[in-house]
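Residue numbers (my numbering): 37 to 156.
For glycine and all other residues, C-beta sits at the position ideal for the given N, C-alpha and C.
One structure below.
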Amino acid sequence: MSIVSRNHGDIYLDNNGIAELGEFYISEAIKSNKGLTSIGLGMNRIENNGVKHLSDALQQSQTIRRILLNEKGIDEEGIRVLAEVLRDQTILVMFQLSDNPIGTNGARRLNNILQNNTVI
């Protein structure tokens, strides 16, 4: 069963009560969807474990250009996981993390990534 059409360009699932298991299924859909360019997952509580699933999917995606992750409960640990993906990302042009408790160290890690990534 597919939760996302294989050719759908944008999907926004903000504020839908998605938790870690839901994020796993969405991440699997991202891996198999070759036409998905934008995804919005804000205001869902997937937190750090869900971020690990999403990061794995983003590493494999060659099409995601925009991702919205506002109000997701992502903290410094989640940023550490995402930073590994963002460091080498050449397709992603917009990455939103507003209203997440990333902390000073998370902000510093993002700053270091953005200093070296000229695409995002």
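Skipping 5 residues on each side, what residues in its chain have a beta carbon closer than 6 Å to that of THR140?
The residue given as residue 140 occupies position 104 in the sequence shown. Result list for THR140: empty, nothing under 6 Å.
Would you mind sorting ASN51 into buried or exposed? The rule is 16 or more other CB atoms within 10 Å of its CB.
Counting from one through the sequence shown, the residue named residue 51 turns up at place 15. The residue in question, ASN51, is exposed, as its Cβ has fewer than 16 Cβ neighbours within 10 Å.
As an exercise, report each continuous alpha helix (DSSP H) stretch of at least 4 residues that is fully enclosed by the segment 95-123, in chain order.
112-123
Consult DSSP for SER74 and reduce its assignment to one of helix, strand or coil.
For the purposes of this step, residue 74 is taken as residue 38 along the sequence shown, with counting starting at 1. Strand, per DSSP.
Between which residues of its own chain and LEU90 is the CB-CB distance below 7 Å, once the five residues before and five after are set aside?
Reading the sequence shown from its first residue, position 54 is the one you call residue 90. Once the five neighbours on either side are set aside, the close Cβ partners of LEU90 are GLU59, SER63.
With burial defined as no fewer than 16 other Cβ atoms inside 10 Å of the residue's Cβ, what is the status of SER97: buried or exposed?
Translated into the one-based positions of the sequence shown, residue 97 becomes position 61. Buried, by the Cβ-count rule.
Secondary structure at ASP135, three-state DSSP: helix, strand or coil?
Here residue 135 refers to the residue found at position 99 when the sequence shown is read from its first residue. DSSP places ASP135 in coil when its eight states are reduced to three.
Residues in its own chain within less than 6 Å of GLU107 by CB, not counting five upstream and five downstream?
Here the question's residue 107 lines up with position 71 in the sequence shown. So the qualifying residues of the chain are GLY78, MET79, ASP135.
Look at the alpha carbon of LYS70 and the alpha carbon of ALA93, and state the distance between them as a whole number of angstroms.
Here the question's residue 70 lines up with position 34 in the sequence shown. Here the question's residue 93 lines up with position 57 in the sequence shown. Taking the straight line from one Cα to the other gives about 12 Å.
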